[in-house]
Amino acid sequence: MAGRGELVTGYTPGVAFPNGGSVCRTMCEAARRVEIAALGRRMRGAVLDEVETAWNAREPHRAAEAMWLTLLALFYTGDLDSVTGYCDELSHDQEWTRSPLRRGLLLMMRARVGLETRAMGLAAEMFRSLLAEMGAGPLRTLAVAWLTEALVCVGEFDQAHEVLFANGLTGRLNSGPAERAHILAARGNLRLATGQFQLGVDDFMECGRLLKSLNVANPAVIPWRSRAALGALAIHHRDLARVLAEEELAAARRWGSPRAIGVALHALALARRDEASTAMLEEAVELLYLAQAGTALIQALYDLGALRLQQGNVTGGRTGLTAAAAVARGSGNAYWVARTDAALARSGDGHSSQALTPQEARVANLARAGYSNRKIAETLFLAVRTVEFHLSSVYRKLGISGRAELSMALSLTVS
Numbered sequence: 015m016a017g018r019g020e021l022v023t024g025y026t027p028g029v030a031f032p033n034g035g036s037v038c039r040t041m042c043e044a045a046r047r048v049e050i051a052a053l054g055r056r057m058r059g060a061v062l063d064e065v066e067t068a069w070n071a072r073e074p075h076r077a078a079e080a081m082w083l084t085l086l087a088l089f090y091t092g093d094l095d096s097v098t099g100y101c102d103e104l105s106h107d108q109e110w111t112r113s114p115l116r117r118g119l120l121l122m123m124r125a126r127v128g129l130e131t132r133a134m135g136l137a138a139e140m141f142r143s144l145l146a147e148m149g150a151g152p153l154r155t156l157a158v159a160w161l162t163e164a165l166v167c168v169g170e171f172d173q174a175h176e177v178l179f180a181n182g183l184t185g186r187l188n189s190g191p192a193e194r195a196h197i198l199a200a201r202g203n204l205r206l207a208t209g210q211f212q213l214g215v216d217d218f219m220e221c222g223r224l225l226k227s228l229n230v231a232n233p234a235v236i237p238w239r240s241r242a243a244l245g246a247l248a249i250h251h252r253d254l255a256r257v258l259a260e261e262e263l264a265a266a267r268r269w270g271s272p273r274a275i276g277v278a279l280h281a282l283a284l285a286r287r288d289e290a291s292t293a294m295l296e297e298a299v300e301l302l303y304l305a306q307a308g309t310a311l312i313q314a315l316y317d318l319g320a321l322r323l324q325q326g327n328v329t330g331g332r333t334g335l336t337a338a339a340a341v342a343r344g345s346g347n348a349y350w351v352a353r354t355d356a357a358l359a360r361s362g363d364g365h366s367s368q369a370l371t372p373q374e375a376r377v378a379n380l381a382r383a384g385y386s387n388r389k390i391a392e393t394l395f396l397a398v399r400t401v402e403f404h405l406s407s408v409y410r411k412l413g414i415s416g417r418a419e420l421s422m423a424l425s426l427t428v429s
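Written out as structure tokens, the structure reads:
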């Protein structure tokens, strides 16, 4: 197998690369596997084969960081069962259980798998536990990013901001490029979830520029295009949203990971908003079920249900929302349980037949983004009293009491 010099993307998240010696050679092999995965070409099968071969030869076992990169490459393929299996095997290896660093790396990978699947709450607890023991360094920065993502997934937005603030990551970022990309993605997710759509889009676009500089094209690493697309939709930049979603879907299909394709299809279906959107969302849901996805599956089911309701298909819409609620309950995700239950209650009470008018939707989206009534009036060339009238109608139709509930009542992407 060739050494690291053939690719040199610099994408080795959580790892400070060593200089020289047999450990460096082992790290070069592990880094090469991550770099192949990050490039995202039609080599997913090759990465799976190389990881299995290296594992059987116990090559990554020589250095904790090499093992980390090997498991990370496998994680990007989407074969999470094998990642979990390898972690289980290592947890029974005395050489690994004796070392705090190695135990920490295993816990970090288990937490990451939990975040992607249906244990996002447990993942947050695991990341917190890791951070309590970690010193400064690239691995800590990565753990902060992933803890922030986990907290956003379960609706703990204030806590997510506190984590970023406590680690000096709410302003200008000075960490290494690989870790900085993950922080930008986590911060972008938080900003989109809290209605700071333009700032969220800015974070994801900067994340994309950084990843491109590292030759990372695989959306299985960070799906920055689809997330930026959803933010662009919220600020009515539909052309940008569609371009980004189409680019991500093409890249995801090249790599072949069901989760990456499902996430990209979800974004493109919402960016297109045409006769093909429902079928694309249905395909996204099938792939995300196959990938054992957690939050990504809940979101796709929620948006599929909401889209069907908007099309007048009440039965199909409630089916999608019920499925989203079931996955949320199975994941222990109280935030999404509340969102899906509220949407089901509205549809059952007949609110789904009272669709928002185009003007009401525009007013509601601006209100959710934090605009004052006067600012909404200036933006849409309306009287303040007209804005107040539209918001009252929105609250009545959505079955909510005020602005604070808009983020939960309105899907980020469908509304």
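So the sequence shown is numbered by this note's numbering: it starts at 15 and just counts up by one.
Just so it is clear, CB atoms sit at the ideal spot from N, CA and C, and this is done for glycine as well.
Bear in mind that the values here come from a model prediction, so they are computed numbers and not experimental data.
Item, Value
"From Y303 to F395, what does the alpha carbon distance come to, in whole angstroms?", "45 Å"
"Given a threshold of 16 other Cβ atoms within 10 Å of its Cβ, counted over all protein chains shown, does A52 qualify as buried or as exposed?", "buried"
"Which full runs of the alpha helix (DSSP H) of 4+ residues lie inside the segment 288–327, going along the chain?", "291–304 and 309–324"
"Round the Cβ separation of L295 and A278 to the nearest angstrom and send it over; I've been treating them as touching at under 8 Å.", "Wrong, their Cβ atoms sit about 12 Å apart, outside the cutoff."
"Could you tell me if G202 is buried or exposed, where buried requires 16 or more neighbouring beta carbons within 10 angstroms of its beta carbon?", "buried"
"Assign H106 to one of two classes, buried (16 or more other C-beta atoms within 10 Å of its C-beta) or exposed (fewer than that).", "exposed"
"Rounded to whole angstroms, what is the Cα-Cα separation between H75 and P152?", "21 Å"
"Around the Cβ of P233, are there at least 16 other Cβ atoms within 10 angstroms (buried) or fewer (exposed)?", "buried"
"Report the three-state DSSP secondary structure of V29 (helix, strand or coil).", "coil"
"S271 by DSSP, collapsed to three states: which one?", "coil"
"Closer than 7 Å by C-beta to Y349: which residues in its own chain qualify, once you throw out the five before and the five after it? Chain order, please.", "V168 and G169"
"Rounded to the nearest angstrom, how far is the Cβ of A310 from that of G54, given a contact under 8 Å?", "Not quite, the Cβ-Cβ distance comes to about 18 Å (not below 8 Å), so this is no contact."
"Closest to L204 by C-alpha separation, out of A242, N229, A192 and V230, would be which residue?", "A242"
"Which two residues bound the contiguous alpha helix (DSSP H) that contains E73?", "Taken as a continuous stretch (DSSP letters only), E73 belongs to no alpha helix (DSSP H), as it is neither H nor E."
"Among P114, Q108 and M140, which residue has its Cα nearest to the Cα of M122?", "M140"
"Since G308 and S345 should fall inside the 8 Å C-beta cutoff, what is the C-beta to C-beta distance between them, to a whole number of angstroms?", "5 Å"
"Mind checking which residues open and close the alpha helix (DSSP H) that includes N203?", "P191 to A207"
"To which residues of the same chain is Q212 closer than 8 Å at the C-beta, ignoring the five residues directly before and after it?", "G245 and I249"
"With a threshold of 16 other CB atoms inside 10 Å of the CB of P114, please say whether the residue is buried or exposed.", "exposed"
"Quick one: Cα of R417 to Cα of A381, how far?", "7 Å"
"Please say whether L315 and V299 have beta carbons closer to each other than 7 Å?", "yes"
"Taking Cβ positions, are L120 and L94 nearer each other than 7 Å?", "no"
"What separation, rounded to the nearest whole angstrom, lies between the Cα atoms of F218 and G182?", "19 Å"
"Let me make sure I understand the geometry here. Which of T67, E402, G270 and A87 has the alpha-carbon closest to that of N46?", "According to the sequence shown, residue 46 is Arg rather than Asn. Nearest option by C-alpha distance: A87."
"Counting only the same chain and skipping the five closest in sequence on each side, list residues whose C-beta sits under 6 Å from that of V29.", "E79"
"Let me make sure I understand the geometry here. Which of Q373, G135, R39 and L420 has the alpha-carbon closest to that of E73?", "R39"
"Taking only three categories from DSSP, how would you classify D107?", "coil"
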